[in-house]
Amino acid sequence: MTAKVKIVADSTCDLNQELLERYQIETIALPVNLGDKACLDGVDVHTPDLFEYYKQTGKLPTTSAPTPAYYEDFYKRWTEEGYEVVHLSISGEMTVTPNIARMAAEKFPQVFPVDSRNVSCGMGMLAIYAAELRDKGLSGAEIAEGVRAQAGKVRTAFVISTLLYMYKGGRCTGVQMLGANLLNLKPCIEVQDGKMGVTKKYRGNLEHVVNQMIADKLTAGEKLDPARLLIAHYDAGDKVVASAKEKIRSLADFNEIHVNGTGCSVSVHCGPGTLGIIYMVQ
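Be aware that the sequence shown starts at 19, since it is given in this note's numbering, and climbs by one per residue.
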């Protein structure tokens, strides 16, 4: 008899509730710190809370990795119910979280930790792929292997409206932030080989820039997987999101387009007015 398999992703997967429920994906909330107050992403702190805290204190909330014991408790819960667990984490090039998951999983032969080599809905896209493999009857080990093989086919690109929060978090200099503001530049950050980096800088308002980014990515000559495209954003505004969806539909024939909100772990670094597109290539 094939074992039951639970697909699990860290809360940084940023999938909306409809997708989590449809594909029966469980999430693990990651730590977010409001000063000395320890919280859990999406449980007792939500994205708007981050910026209210910054507004009140002038300090940026921080993220931290969970302890091995935190993951062990989670694994124990599901394995004792007879499940194999496939657990996707944010790229090991960006965080130590996958290493901690591997450490915790050493006590559980039924648990298969996977470094997604991605972030936000890039990891979410792979979690959905894992769920589809589960529904085909694959074992936990087979699903983990399949997800690792698929990771290089995910494309994740974000436009960032302001560099203020990257500056506050030490990820860019004050000169870079000032220059971007003066020139009305908005960087495009992409995930490549598990790492995030600026690949292009656009000029203009957010709607114009988002549409430019979408055109550049979807007409880059790669063969697109038509199954779905995910939009991930925080506070980009209904008009920008609607315009993005219209632009996507004009350029490619995806079966589904889903809008997702970025959670605390991503939003604290990128700030409001951030919008990304995530899809797969064949």
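By construction, the Cβ of each residue, glycine as well, lies at the ideal position given by its N, Cα and C atoms.
Practice item. Assign Tyr185 to one of three DSSP states: helix, strand, or coil. Key: Start at 1 with the first residue of the sequence shown, and residue 185 comes out as number 167. For Tyr185, the predicted model reports a pLDDT of 49, less than 50, meaning its position is unreliable; a value from the coordinates is still stated below. Three-state result, Tyr185: helix.
Review point. With 16 as the cutoff for other CB atoms within 10 Å, does Ser268 come out buried or exposed?
Key: For the purposes of this step, residue 268 is taken as the residue at position 250 of the sequence shown. Exposed: under 16 other Cβ atoms inside 10 Å.
**Study point:** Straight-line Cα distance separating Ala159 from Glu150
**Key:** Residue 150 sits at position 132 when you count from the first residue of the sequence shown. Residue 159 sits at position 141 when you count from the first residue of the sequence shown. For Glu150 and Ala159, the distance between alpha carbons rounds to 14 Å.
Exercise for review: With a threshold of 16 other CB atoms inside 10 Å of the CB of Ala238, please say whether the residue is buried or exposed.
Suggested key: Here residue 238 refers to the residue found at position 220 when the sequence shown is read from its first residue. Ala238 should be labelled exposed.
Check your understanding: Just checking, does the region 24-32 make contact with the region 139-148 on the three C-beta pairs under 8 Å criterion?
Key -> Of all C-beta pairs linking the region 24-32 to the region 139-148, three or more are shorter than 8 Å, placing the two stretches in contact.
Exercise for review: Name the residue from Tyr147, Pro290, Glu70, Asn51 whose alpha carbon lies nearest to the alpha carbon of Pro250.
Suggested key: Taking the sequence shown and counting its residues from 1, one reaches residue 250 at position 232. Note that residue 250 is Ala in the sequence shown here, rather than Pro. Per the Cα distances, Pro290.
Check your understanding: With distances taken from CA atoms, which of Tyr101, Arg152, Pro86, Pro205 is nearest Pro116?
Key -> To locate residue 116, count along the sequence shown from 1; it is residue 98. The shortest Cα separation from Pro116 among Tyr101, Arg152, Pro86, Pro205 belongs to Pro86.
**Study point:** Cutoff 6 Å; reference Gly60; Cβ partners in own chain excluding five residues on either side
**Key:** On the sequence shown, residue 60 is found 42 positions in, with the first residue counted as 1. When the five nearest sequence neighbours on each side are left out, the beta carbons in the same chain lying within less than 6 Å of the beta carbon of Gly60 are those of Ser29, Ala47, Gly281, in order along the chain.
Review point. What are the residues that DSSP puts in a beta bridge with Ser107?
Key: Working through the sequence shown from its first residue, we reach residue 107 at position 89. Bridge pairing for Ser107: Asp133 [DSSP].
Practice item. Please specify which runs of the beta strand (DSSP E), each continuous and at least 3 residues long, are wholly inside the region 222-274, giving them in chain order. Key: 246-252
**Study point:** Val165, DSSP secondary structure in three states
**Key:** For the purposes of this step, residue 165 is identified with residue 147 of the sequence shown, where counting begins at 1. DSSP places Val165 in helix when its eight states are reduced to three.
Check your understanding: Quick one: what does DSSP say Ile146 is sitting in, helix, strand or coil?
Key -> In the sequence shown, counting from the first residue as 1, residue 146 sits at position 128. The answer is helix: DSSP assigns Ile146 an H, G or I state.
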